[in-house]
Amino acid sequence: MSGRQGAPAFDPWLLERLVCPVTRTPLRQLGDELISDAAGLAYPVREGVPVLLAEAARRLDAAPPADQTSTT
5 MSGRQGAPAF
15 DPWLLERLVC
25 PVTRTPLRQL
35 GDELISDAAG
45 LAYPVREGVP
55 VLLAEAARRL
65 DAAPPADQTS
75 TT
């Protein structure tokens with residue numbers, strides 16, 4: 005999987021309306037994740053669908069999932 009670089013951008017209208025379910029603050033897109041700077045969480049986007057569950061989110065201080073790391 006190519007990971008963060010090849011992810012399509014969300015519709016700006018939709019991205020403006022999505023908020024972090026933990027902090028209710030705006031999210032920003034970074035590759036195939038939606039980032040909550042306030043909560044320090046990165047929510048995955050799977051097949052174009054944001055998974056806004058705290059249980060599915062990655063802590064920003066944690067390493068990216070294995071399928072998103074470069075092997076070079």
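The sequence shown: position 23 = 27 (this note's numbering), numbered continuously.
C-beta: ideal position from N, C-alpha, C; glycine also.
Taking 7 Å as the cut-off, is the C-beta of V53 nearer than that to any heavy atom in the ligand NAP? With respect to small molecules bound, the structure shown includes none, and the ligand NAP cannot be examined in it.
Could you tell me how far apart the beta carbons of A46 and E37 are, in whole angstroms, since I believe they sit closer than 8 Å? For this step, residue 46 is matched to residue 42 along the sequence shown. For this step, residue 37 is matched to residue 33 along the sequence shown. Indeed, because the Cβ distance is near 4 Å, the residues count as touching under 8 Å.
Output yes or no for whether 8 Å exceeds the beta carbon distance between V23 and L31. Counted from its first residue, the sequence shown places residue 23 at position 19. Counted from its first residue, the sequence shown places residue 31 at position 27. Between V23 and L31, the C-beta gap is smaller than 8 Å, which places the two residues in contact.
Is the distance from the Cβ of A42 to the Cβ of T29 below 8 Å? The residue you call residue 42 lines up with position 38 of the sequence shown. The residue you call residue 29 lines up with position 25 of the sequence shown. Yes.
Exposed unless 16 or more other CB atoms sit within 10 angstroms - verdict on A66: Counted from its first residue, the sequence shown places residue 66 at position 62. It is exposed - the Cβ of A66 has fewer than 16 other Cβ atoms within 10 Å.
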